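Student:
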Amino acid sequence: MENPKFELFKSSANSQYYFHLKAGNGKITLSSEGYIAKQSCKDGITSVKQNATDEQRYERRQNNSYTFVLKARNGEVIGRSQSYTSAESRDAGIESVKGDAPSADVDDLS
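Under this note's numbering, think of the first position of the sequence shown as 14, with each following residue one higher.
Here it is, written out as structure tokens:
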């Protein structure tokens, strides 16, 4: 098992910066929107770290699958989950983000 970490990277398709949070098992638990500026992407990571432990910042969604988004204080979405097959597994994903994000290191792959 590795330590949880954020990976910051630049897309070759659109030249935007993105980050995702990887749990200790290597699975991606949270992914960002695209950012034009690298510093804005870094600020997004900081916002996730600051908001991750606040239950009220999570919005649970259910359509054809179970997902969640993490929102900043201003209501902007700062991270999206993968799709889960059950509410229980989605909620476990939220708990993983709550525990991992605040102290996760950042690996800059750009």
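Here a beta-carbon is modelled for each residue, glycine too, at the ideal position from N, C-alpha and C. Since the structure is predicted, the reported quantities are computational estimates derived from the model, not experimental observations.
Which residues in the same chain as F19 place their Cβ atom closer than 6 Å to its Cβ, once the five residues preceding and following it in sequence are excluded?
Tutor: The residue given as residue 19 occupies position 6 in the sequence shown. F32, L34, I58, A117 and V119, listed in sequence order.
Student: Could you give the residue range of the beta strand (DSSP E) that holds T98?
Tutor: As a first step, residue 98 is located in the sequence shown; it is residue number 85 there, counting from the start. Boundaries for T98: no beta strand (DSSP E) harbours it, and the DSSP string shows neither H nor E there.
Student: S25 to S123, Cα distance in whole Å?
Tutor: The residue you call residue 25 lines up with position 12 of the sequence shown. The residue you call residue 123 lines up with position 110 of the sequence shown. Whole-angstrom Cα-Cα distance: 10 Å.
Student: In the structure shown, what three-state DSSP assignment does A35 receive?
Tutor: Indexing the sequence shown from 1 puts residue 35 at position 22. The question names Ala, but residue 35 is Lys in the sequence shown. Three-state result, K35: strand.
Student: Compute the distance between the beta-carbons of G106 and S45, then report whether it is under 8 Å.
Tutor: By 1-based counting over the sequence shown, the position of residue 106 is 93. By 1-based counting over the sequence shown, the position of residue 45 is 32. No, the Cβ-Cβ distance between G106 and S45 is not below 8 Å.
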